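So the sequences go chain by chain: A and B. Using this note's numbering, the first residue of the first sequence is number 159, and each one after it goes up by one. Using this note's numbering, the first residue of the second sequence is number 207, and each one after it goes up by one. Note that CB positions come from ideal geometry on N, CA and C, so glycine has one too. None of the values given here were measured: they were computed from a predicted structure. Beneath this line is the structure, given in structure tokens, with notes to follow.
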Amino acid sequence: MSQQTPIRIAILGGGCAAMTAAFELTRPEHQGRYHVTVYQQGWRLGGKGASGRGPADRIEEHGLHIWMGFYENAFRVMRDCYAELGRDPAACHIATWRDAFFPASEIGLAERTDEGRWSSWISSFPAMPGLPGDPLTSENPFTVSGYLWRSARLLLTLLESVRERAAPGNAPGEPAPPSPLSPEALVAQLGRLVRYGGLATLAGIFEGLRALQTLFELWSRLPPQRGGEGLLAHLVDALGRSASRLLQETAGKDPELRRIWTIADLLLTVIRGSLRFGLVTDPRGFDAIDGYDYREWLALNGASRSTLDSAFVRAGAYNLSFSYQDGNLSLPRTSAGQALRGALRMFFTYRGAFFWKMSAGMGDVVFAPLYEVLRRRGVRFELFHRLENVKLADPARLAPGEKPYVEAVELAVQARARLGEYQPLIDVRGLPCWPSRPDFSQLEDGERLESEGWDLESFQDRRQVGSRILKVREDFDCVILGVGIGAIPHVCREIVARDPRWRQMVQAVQSAETQAFQLWMDADVAALGWTGPPGVTLSGFVEPFDTWADMSHLLPEESWPAERRPRSIAYFCSVLPTPAAGTDPAARREEVRQNAVRFLERDVRHLWPGAAAPDGRFRWDLLHPGDAGEHPAPEGPERFATQFWTANVNPSDRYTLSLPGSARSRISPLDNSYDNLILTGDWTACGLIAGCVEAAVMSGRLAAHALAGRPRLEEIVGFDHP
Amino acid sequence: MSEDRFQREDPLRTDPIRNFSTTLRSDGWSGATGPTDPSDWMNQEGSAAAGGSTAGASGGSTGGPSFSQFGLHGIRLGNAVLRDQMQRGQEFAEQLAAGLGAPSADLRQLLERMLRSYSGMYIDTTLLWMDLLFQLRIPTVTPPDPAAGVGPLPFPLSPGADLRRVVERMLRAYSGMYIDSLLLWMDLLFPKQQPDNSSLKKEATASVAVFSSRPTLCTLSLNPGAETQPLEACQLWSRDTTKPPLMDVSFQTGSDGKRFLRVRVPDDQPADLYLGVVCNRTTGEPLGNLAIEIRQP
Numbered sequence: 159m160s161q162q163t164p165i166r167i168a169i170l171g172g173g174c175a176a177m178t179a180a181f182e183l184t185r186p187e188h189q190g191r192y193h194v195t196v197y198q199q200g201w202r203l204g205g206k207g208a209s210g211r212g213p214a215d216r217i218e219e220h221g222l223h224i225w226m227g228f229y230e231n232a233f234r235v236m237r238d239c240y241a242e243l244g245r246d247p248a249a250c251h252i253a254t255w256r257d258a259f260f261p262a263s264e265i266g267l268a269e270r271t272d273e274g275r276w277s278s279w280i281s282s283f284p285a286m287p288g289l290p291g292d293p294l295t296s297e298n299p300f301t302v303s304g305y306l307w308r309s310a311r312l313l314l315t316l317l318e319s320v321r322e323r324a325a326p327g328n329a330p331g332e333p334a335p336p337s338p339l340s341p342e343a344l345v346a347q348l349g350r351l352v353r354y355g356g357l358a359t360l361a362g363i364f365e366g367l368r369a370l371q372t373l374f375e376l377w378s379r380l381p382p383q384r385g386g387e388g389l390l391a392h393l394v395d396a397l398g399r400s401a402s403r404l405l406q407e408t409a410g411k412d413p414e415l416r417r418i419w420t421i422a423d424l425l426l427t428v429i430r431g432s433l434r435f436g437l438v439t440d441p442r443g444f445d446a447i448d449g450y451d452y453r454e455w456l457a458l459n460g461a462s463r464s465t466l467d468s469a470f471v472r473a474g475a476y477n478l479s480f481s482y483q484d485g486n487l488s489l490p491r492t493s494a495g496q497a498l499r500g501a502l503r504m505f506f507t508y509r510g511a512f513f514w515k516m517s518a519g520m521g522d523v524v525f526a527p528l529y530e531v532l533r534r535r536g537v538r539f540e541l542f543h544r545l546e547n548v549k550l551a552d553p554a555r556l557a558p559g560e561k562p563y564v565e566a567v568e569l570a571v572q573a574r575a576r577l578g579e580y581q582p583l584i585d586v587r588g589l590p591c592w593p594s595r596p597d598f599s600q601l602e603d604g605e606r607l608e609s610e611g612w613d614l615e616s617f618q619d620r621r622q623v624g625s626r627i628l629k630v631r632e633d634f635d636c637v638i639l640g641v642g643i644g645a646i647p648h649v650c651r652e653i654v655a656r657d658p659r660w661r662q663m664v665q666a667v668q669s670a671e672t673q674a675f676q677l678w679m680d681a682d683v684a685a686l687g688w689t690g691p692p693g694v695t696l697s698g699f700v701e702p703f704d705t706w707a708d709m710s711h712l713l714p715e716e717s718w719p720a721e722r723r724p725r726s727i728a729y730f731c732s733v734l735p736t737p738a739a740g741t742d743p744a745a746r747r748e749e750v751r752q753n754a755v756r757f758l759e760r761d762v763r764h765l766w767p768g769a770a771a772p773d774g775r776f777r778w779d780l781l782h783p784g785d786a787g788e789h790p791a792p793e794g795p796e797r798f799a800t801q802f803w804t805a806n807v808n809p810s811d812r813y814t815l816s817l818p819g820s821a822r823s824r825i826s827p828l829d830n831s832y833d834n835l836i837l838t839g840d841w842t843a844c845g846l847i848a849g850c851v852e853a854a855v856m857s858g859r860l861a862a863h864a865l866a867g868r869p870r871l872e873e874i875v876g877f878d879h880p
Numbered sequence: 207m208s209e210d211r212f213q214r215e216d217p218l219r220t221d222p223i224r225n226f227s228t229t230l231r232s233d234g235w236s237g238a239t240g241p242t243d244p245s246d247w248m249n250q251e252g253s254a255a256a257g258g259s260t261a262g263a264s265g266g267s268t269g270g271p272s273f274s275q276f277g278l279h280g281i282r283l284g285n286a287v288l289r290d291q292m293q294r295g296q297e298f299a300e301q302l303a304a305g306l307g308a309p310s311a312d313l314r315q316l317l318e319r320m321l322r323s324y325s326g327m328y329i330d331t332t333l334l335w336m337d338l339l340f341q342l343r344i345p346t347v348t349p350p351d352p353a354a355g356v357g358p359l360p361f362p363l364s365p366g367a368d369l370r371r372v373v374e375r376m377l378r379a380y381s382g383m384y385i386d387s388l389l390l391w392m393d394l395l396f397p398k399q400q401p402d403n404s405s406l407k408k409e410a411t412a413s414v415a416v417f418s419s420r421p422t423l424c425t426l427s428l429n430p431g432a433e434t435q436p437l438e439a440c441q442l443w444s445r446d447t448t449k450p451p452l453m454d455v456s457f458q459t460g461s462d463g464k465r466f467l468r469v470r471v472p473d474d475q476p477a478d479l480y481l482g483v484v485c486n487r488t489t490g491e492p493l494g495n496l497a498i499e500i501r502q503p
């Protein structure tokens, strides 16, 4: 094929990874070399990040989406997208990426006390220099030794806070100030501390920690030396024993000190485990411990039982990432390698803020701008096209040495636009948004489709008005497959049957169903009894909904009448246990409704004591009823019907898990086994083995690189990461 | 069936680099600086200066990049890397000596493995860059401009040569020099801790004949399997690039039919440590390392 011939790309799916690939391949630098067509079922883009506007333009999400401050690739793409979009701030209040995302640093962890009550621990993470997506021009921050240095530094800070809390103003002797020790002096100092029991005192612990920090700093600047690991491990063990004894004595019943001790114990465990497992020098990086479950690995390296059961571990490594095999709450499973990689990146490499919240729905803030920019670039969107099968060429017809390839893509046409092209966006006071339902008036025979209740995003609803087959060389040259991992067995049947790598992938890279609900309340969070800061994101709470985010900042984005405006918005989400049998979406949706009602009746008062009536039951009248028309608003639990909830049970909606030992079964977007088929999604081997926006965007960028050589691998931040 | 059908090239790699070698990557990796991308590089006036290497190259302000531009940049970069890496090798070995004691044989092996991994990444990256340049259709191959004051190519280069292979060999030589520099410095600094060289001797299958009027120490390390391949020794370089290379090094066949390495040291060759690589004469694949230390009489 000539270098100048345009290459026709069929992108299957419209989620983060697929849209990133489209965005990268159609950058102006490519001078139109890639002609992209996106095929997407239903009426909107977004995949697991899709959102829509419902009654009163309320934002209805697939779940809770919060961007981390380390999402370098995702922010890079969005910053470029908004820059190219060039919205007029006078016409659209979300005109720039800074309008679209704002810092949210209040993080909460819920934990059960010894008395069986729930208490919340709120932390406010400091702003860090820079903004996510800024060029990284300094030395590569992503090294294990660099992380260990930061861990030692954090440990030191935590212990100093313990000292201050336990005995304000009472300095523990005079620890040696940090000094530019030579390596020789440092080793001598460490040896002295370990040999002569210098760590038995608090002053000794501080001295040891400073030495440890200095050593890691030295280590981060030099190629690592295995010879030093024995001494370091010895030091960490001694520090851990001493710090444990001292802190447990000091902490007593002080919950704040106990929490600090939990983090200190966790940090010591991570440092100890990293040294024991040789992670600094292992060429596999954190993948060297991919086979372990995170808590299992922590236990192997001496974490205390209280640390393993703490909200910090439970929420950070399991709840927020739905890491329960088959959705089974008794099977928390996540790869130690990925949990550690994710945690270290999350805590030590974020820029600006720890969390960034979106100013409107994810569809409005992310996918509408992407859609607009891509349309301007000439990308075609074929909505209402449901992928049925990716068909390979008959192996018997392959030329000698020719790789297998995709011969055809079979699609079901769910609906056709009545007049020209379907216009998917709606205008909400100047902001282009996606609706929660398709605009049937734009569709041929739309009235009938609507009256018959066609669910155009349901995997179960197989109705269609036609079919379409895309053929290689006629309709496409290359396919980028961007559906969720849960859909792969259904839409790539031939490949899975034929290719053992794909079979292994779909068996090992599992996914989980999730559930979420949103409440519009007639009381603000303070009136609900929440004593923490507004805008908090809290996890580690009781199942079936372990995570809550105060999303009241979205109220001005919705179109409530001024006199009937809700006072707060709350999002809840969690994993949804997979039933042994039966996947009827309506039944699953009813299951989520019942879970939510039960949760509100039984559990939410621990967060919102003000939401409980004197008899302890939930005050259903606090739910904003929306526009009930002439009918009176429902009362009691029936009122929940006026809120929004979802059971994410469609195969492509399932959340990608990072089960222990599964990383090696992933296939890279760079893989060239089928030379006109490229995979993309957070389930691919994209460097970050996690179900999240950043992994999806990295995968999308890799998919573009596989075709165009751009962006360069070095520009895909965090791909080359331990 | 494959005619006219779009087919991708096989990628250079599909996996992330997770080992420590990424610690060595520093400024410019985001693309914000440094002409590591062909289009960025083309857009720079005085391209070499933009990359932080020595100035003096003329920018490609009109038309596409010529080989002389690319070659000059590559050579400057290579020379800078050579000097820097050899210096780093010495410094690191000295730091080891000062701070953390003598390295064990295991540490030495570990270092060597890690460094070779790093150099592989560096080479792959540069070759990818080259491939991209070729896609831009570099029209002609002309020698670099000697007036620019850069050192000579360590390999012969003629128009029509397989440039990619030559550059690959050059890079492998540079990388090998850094590794050898580090390991040799370690051996020099820790003579008692030096790993058992018997393994090296076992691997080496060629005798060495040294013609020198001064004390000269020659170390030849050949990879397993090299004995069956056609060998070629490239000229050896000191870390001090003002010193001339040691040129007269070649594999020859003796009257007994056995192959040996012949090294002739000119009387005016400055005393120093000279490093180079041994390659397969046909494919250019590096098969071993050669170090010659010329001492004062």
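Give me the residue from R270/A, F877/A, G867/A with the minimum Cα distance to P217/B.
Checked all of R270/A, F877/A, G867/A; the closest Cα to P217/B is G867/A.
What separation, rounded to the nearest whole angstrom, lies between the Cα atoms of G173/A and E608/A?
Approximately 25 Å, taken between the alpha carbons.
Would you call the region 736-748 of chain A and the region 500-512 of chain A in contact, with 3 or more CB pairs under 8 Å?
Cβ pair count under 8 Å is below three, so no.
Determine, using beta carbons only, whether F276/B comes closer than 9 Å to chain A.
A caution first: F276/B carries a pLDDT of 40, below 50, which makes its placement in the model too unreliable to give a value.
Could you check what DSSP says for L493/B in three-state terms: helix, strand or coil?
Looking at L493/B - three-state DSSP - the assignment turns out to be strand.
Distance cutoff 9 Å, beta carbons only. Does R509/A sit that close to anything in chain B?
Taking Cβ atoms only, chain B never reaches closer than 9 Å to R509/A, which makes this a no.
Starting from the beta carbon of I165/A, find every residue of chain B whose beta carbon is closer than 8 Å, and list them in chain order.
Those are F212, listed as they occur along chain B.
Can you list, in chain order, the residues of its chain whose CB lies under 8 Å from that of D619/A, leaving out five sequence neighbours each side?
The answer, listed in chain order, is W612, D613.
Three-state secondary structure (DSSP) at L815/A?
Coil at L815/A, not helix or strand.
Can you tell me which of A511/A, I252/A, S432/A puts its alpha carbon nearest to the alpha carbon of P880/A?
Closest option to P880/A, Cα to Cα, is S432/A.
Can you give me, in chain order, the residues of the region 626-657 of chain A that have a beta carbon less than 7 Å from any beta carbon in chain B?
Taking 7 Å as the Cβ-Cβ cut-off against chain B, the residues of the region 626-657 of chain A that qualify are V630, R631, D635, C636.
Leaving aside the five residues before and after D287/A along the sequence, list all residues of the same chain whose C-beta is less than 8 Å from its C-beta, in chain order.
Looking at the sequence shown, residue 287/A is not Asp but Pro. Only R509 meet the Cβ criterion.
Under 9 Å, Cβ to Cβ, is there at least one residue of chain B near G190/A?
Taking Cβ atoms only, chain B never reaches closer than 9 Å to G190/A, which makes this a no.
Taking the CB atoms as reference points, tell me whether L428/B and G494/B lie closer together than 9 Å.
Their beta carbons are under 9 Å apart, which means L428/B touches G494/B by this criterion.
Taking C-beta pairs closer than 9 Å, name the residues in chain A that P451/B reaches, listed in chain order.
Result: empty, since nearest Cβ-Cβ is about 28 Å, beyond 9 Å.
What's the C-alpha gap between L479/B and S456/B?
Those two C-alpha atoms are separated by around 18 Å.
According to the Cβ coordinates, are T672/A and N806/A closer than 9 Å?
Yes; because the gap between Cβ atoms is below 9 Å, this pair is in contact.
Under three-state DSSP, which class holds P490/A?
Residue state, collapsed to three classes: strand.
Would the beta-carbon of I504/B fall within 9 Å of that of D833/A?
Not covered by the structure: residue 504/B. The range shown for chain B is 207 to 503.
Indicate whether A745/A and E219/A have their beta-carbon atoms separated by less than 9 Å.
Not closer than 9 Å, so no.
Just confirm the distance between the C-beta atoms of A888/A and V851/A, as a whole number of angstroms; I'd bet it's less than 8 Å.
Beyond the ends of chain A as shown, which are 159 and 880, falls residue 888/A; an answer cannot be given.
By the three-class DSSP mapping on this structure, what secondary structure does L289/A have?
Here L289/A sits in coil by DSSP.
Is it buried or exposed, T132/A, if we count other Cβ atoms within 10 angstroms and call 16 or more buried?
Since the first residue of chain A shown is 159 and the last is 880, residue 132/A is not available in this structure.
Just to confirm my understanding: we take R797/A, look at its own chain, exclude 5 residues before and 5 after, and list those with CB closer than 8 Å. What are they?
Only W778, D779, L781, P783, A791 meet the Cβ criterion.
Going by DSSP, what residue range makes up the beta strand (DSSP E) through L267/A?
It spans 264-270 - the beta strand (DSSP E) in which L267/A sits, taken as one unbroken run.
Please report the Cβ distance between V567/A and V548/A, rounded to the nearest whole angstrom; I am assuming they are in contact, meaning their Cβ atoms lie under 8 Å.
With 8 Å as the limit, V567/A and V548/A qualify as a contact, their Cβ atoms being about 6 Å apart.
Spatial neighbours of L487/A within its chain, please: CB distance less than 6 Å, with the 5 preceding and 5 following residues excluded, ordered by chain position.
E701, listed in sequence order.
Please determine, among G436/A, S669/A, P441/A, the residue with the shortest C-alpha to C-alpha distance to I889/A.
Nothing about residue 889/A can be reported from this structure: the residues present for chain A run from 159 to 880 only.
For chain A, check one thing: does any of its Cβ atoms lie closer than 9 Å to the Cβ of P476/B?
Chain A, which has no Cβ nearer than 9 Å to the Cβ of P476/B, makes this no.
Between D682/A and I727/A, what straight-line distance do the alpha-carbon atoms span, to the nearest angstrom?
Each residue's Cα considered, the two are about 8 Å apart.
To the nearest angstrom, report how far apart E632/A and E454/A are at their CA atoms.
Distance between the alpha carbons of E632/A and E454/A: 53 Å.
Using the Cα positions of L601/A and V471/A, report the straight-line distance between them to the nearest angstrom.
Approximately 49 Å, taken between the alpha carbons.
Give me the chain A residues within the contact set of I223/B, using Cβ-Cβ distance strictly less than 7 Å, ordered along the chain.
Near I223/B (Cβ distances below 7 Å), the residues of chain A are D878.
Whole angstroms are fine: how far does the CA of S732/A sit from the CA of V694/A?
Cα to Cα, V694/A sits roughly 17 Å from S732/A.
Tell me whether the region 651-670 of chain A and the region 183-196 of chain A touch, counting them as touching only if at least three CB pairs, one residue from each stretch, are closer than 8 Å.
Segments in contact, no.
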